[in-house]
Amino acid sequence: MLVVTAAVCMGLDQGGPLDRAGIGVVLAVLAGLSILLLKLESVKRNELLIMLLPIGAAMLFRALSLDYISGDYVSFLKHWAEFFRTYGGFSTIASNVGNYNVPYLYYIAFMSYIGVPDLYMYKLLSILFDVVLAWGCFRLVRSLVRDRQGSTAPLAAFAAALLLPVVVLNGAYWGQCDAIYGALCIHAAAQVIEGKNKTSVALMAVAFSFKLQAIFVLPLWGVLWLAKKVKFRELWVFPLTYLATILPAVLMHKPLMDILGIYLGQMTEVPNLVLNAPSIYQFIPSAMHAELAEGHLASGLGIVAAAVLVLILLGLGCWLRNRLSRDIIMTMAVILCIGVPFFLPHMHERYFFLADVFTLCWACANLRRLPVAVLAGGASLAGYIVYLRRKYNFVLRLGGAQFGMAIEAMAMLIALAISVWVLVEQLREVKREERLA
20 MLVVTAAVCM
30 GLDQGGPLDR
40 AGIGVVLAVL
50 AGLSILLLKL
60 ESVKRNELLI
70 MLLPIGAAML
80 FRALSLDYIS
90 GDYVSFLKHW
100 AEFFRTYGGF
110 STIASNVGNY
120 NVPYLYYIAF
130 MSYIGVPDLY
140 MYKLLSILFD
150 VVLAWGCFRL
160 VRSLVRDRQG
170 STAPLAAFAA
180 ALLLPVVVLN
190 GAYWGQCDAI
200 YGALCIHAAA
210 QVIEGKNKTS
220 VALMAVAFSF
230 KLQAIFVLPL
240 WGVLWLAKKV
250 KFRELWVFPL
260 TYLATILPAV
270 LMHKPLMDIL
280 GIYLGQMTEV
290 PNLVLNAPSI
300 YQFIPSAMHA
310 ELAEGHLASG
320 LGIVAAAVLV
330 LILLGLGCWL
340 RNRLSRDIIM
350 TMAVILCIGV
360 PFFLPHMHER
370 YFFLADVFTL
380 CWACANLRRL
390 PVAVLAGGAS
400 LAGYIVYLRR
410 KYNFVLRLGG
420 AQFGMAIEAM
430 AMLIALAISV
440 WVLVEQLREV
450 KREERLA
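In terms of the working numbering, the sequence shown opens at residue 20 and continues consecutively.
Given below as structure tokens:
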């Protein structure tokens, strides 16, 4: 697989022979890194040999994706890289360029000093974090199944995360960077389940510094605080870590208010009720989207619904306290990752990335959760396909009204409903155990 990957890299469209060879070497190194991480996690030699196949396949799929140029790259990413290259790399950090937070701008500034084509440099960072994501999935699933000696579920999660279609499409194909905050959130969840609270909070802060969408699962730490699983003083690691990530930009004279206002700008820049995301707004006829987007009622109701969902989980955390098991924690994480973007307005198709990877881990830890992973991951993938093909997969027509992604939204809603039902059953089990005690 790696030999074929190298051959594919040598046939890439952009850059010279040295650039292409270098990219092949980087992918081989990332394959080696994957094996090294598994070895550090005490995976046995025969299991490492088995993992060579999915790891090699994952690198080959990514090599085959590198030449695709998305509309986002043409409209935004390409120009950001050119700006940094033209005006001085890191000395340009203070300028008003891009709508990403400064940690990602640090990388773009670094890119400006490298001769490798920007398209590949963007994608290689995402591929690196694909490996980190797979490692996080291994660790999270291992934490969930630690009572089952010899379980292969963690290895299955590692391989599945590397080969998950939305993960391959997001970074290596599309050139997006959701794997960065996704990997950090997965690792944070693994750390907090293992009782390493400060590290988990720090990881969440770094995830938030890269992408606002980390807030979808962030309320879980509020639940854990109310359940006395995380101490209040440990939560102070979050703002301190976030400040550490933006401090270099401040020292390079980027106005602090510009940095802090980036996410406020992102929340107001999308006028549409929904952008190819399988959310509740797909149940509104397509013809009404523009009209409803001009008002605030539909958006406001969605925000209230998401807030109510979070408040319910916070209340359950306060009630459960020391009865909050790792299985319940994982179920709540899945509900947040699916439910919050499902109800919030202005969501892109990529905003279910956390739902994709958390449900994957949930299914690897317990195969009875596989329907949730299939439904949520399938609906999310369908949104990617809509964006990439610029065409709806299936337009539902009812009584003269058209619904662009109602089928996908229904699949996501069913995934959410099943997740909530699992939580209800877990709470009933807690009450049964109390009565027996």
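All C-beta atoms, glycine included, are put in the ideal place defined by N, C-alpha and C.
Please identify the residue among the options whose C-alpha is closest to the C-alpha of residue i.
i, options, result
"V414", "I426, R408, L407", "I426"
"L328", "I357, A317, Y300, L71", "I357"
"L143", "G423, V48, N291, G214", "V48"
"M286", "L188, I234, D166", "I234"
"L275", "R451, A82, A113, Q195", "A113"
"L57", "W338, A312, A175", "A175"
"Y125", "G30, L333, K273", "K273"
"F371", "N295, L52, L96, L21", "N295"
"F103", "M130, Y87, T24, G90", "M130"
"Y87", "M429, R408, W240", "R408"
"K248", "F95, I146, K215, P304", "K215"
"A50", "L67, L394, G34, I404", "L67"
"L21", "R64, L31, A82", "A82"
"A436", "G418, L355, A76, E453", "L355"
"T24", "G43, D32, M307", "G43"
"P184", "R369, E452, F302", "R369"
"K217", "W338, K250, A428", "K250"
"P122", "G334, A224, G319", "A224"
"L188", "Y403, A398, L333", "Y403"
With which residues is residue i paired in a DSSP beta bridge?
i, result
"N295", "H367"
"R416", "Q421"
I need the DSSP call for residue i, collapsed to helix, strand or coil.
i, result
"L311", "helix"
"F422", "strand"
"M286", "helix"
"G214", "coil"
"W255", "coil"
"Q232", "helix"
"T260", "helix"
"Q2", "Outside the shown range of the chain, which is 20 to 456, sits residue 2, and nothing can be said about it."
"I133", "coil"
Using a Cβ-Cβ cutoff of less than 7 Å, which residues in the same chain neighbour residue i once the five nearest sequence positions on both sides are dropped?
i, result
"D149", "L181, V186, G190, A198"
"G155", "A202, I205, H206, A209"
"V376", "L152, C156, A180, G201, I205"
"W381", "M349, V353, R388, V391, A392"
"L386", "none"
"A100", "I127, M130, S131, D137"
"S438", "T350, V353, I354, I357, V391"
So residue i and residue j are supposed to be a Cβ contact under 8 Å. How far apart are they, rounded?
i, j, result
"L330", "G336", "Their Cβ separation, rounded to whole angstroms, is 11 Å, which puts L330 and G336 out of contact at 8 Å."
"N120", "F257", "N120 to F257, Cβ: 15 Å. No contact."
"A401", "P297", "7 Å"
"A268", "I278", "6 Å"
"F422", "M271", "With 8 Å as the limit, F422 and M271 do not qualify as a contact, their Cβ atoms being about 48 Å apart."
"A456", "R340", "15 Å between Cβ atoms; not a contact."
Enumerate in chain order the residues of its own chain whose CB-to-CB distance from residue i is below 6 Å, with the five nearest sequence positions on each side excluded.
i, result
"Y300", "L292, V293"
"A384", "V160, L163, V164, A172"
"A324", "F362"
"H365", "V289"
"G396", "D375"
"V359", "F235, A325"
"D38", "V135"
Please determine whether the Cβ atom of residue i lies at a distance below 6 Å from any heavy atom of the ligand HEM.
i, result
"A180", "Ligands are entirely absent from the displayed structure, and the ligand HEM is therefore not among its contents."
If I measure Cβ to Cβ from residue i and keep anything under 8 Å in the same chain, skipping five residues before and after, which residues do I get?
i, result
"L222", "L203, C204, H206, A207, Q210"
"L432", "I299, F361"
"Y106", "S114"
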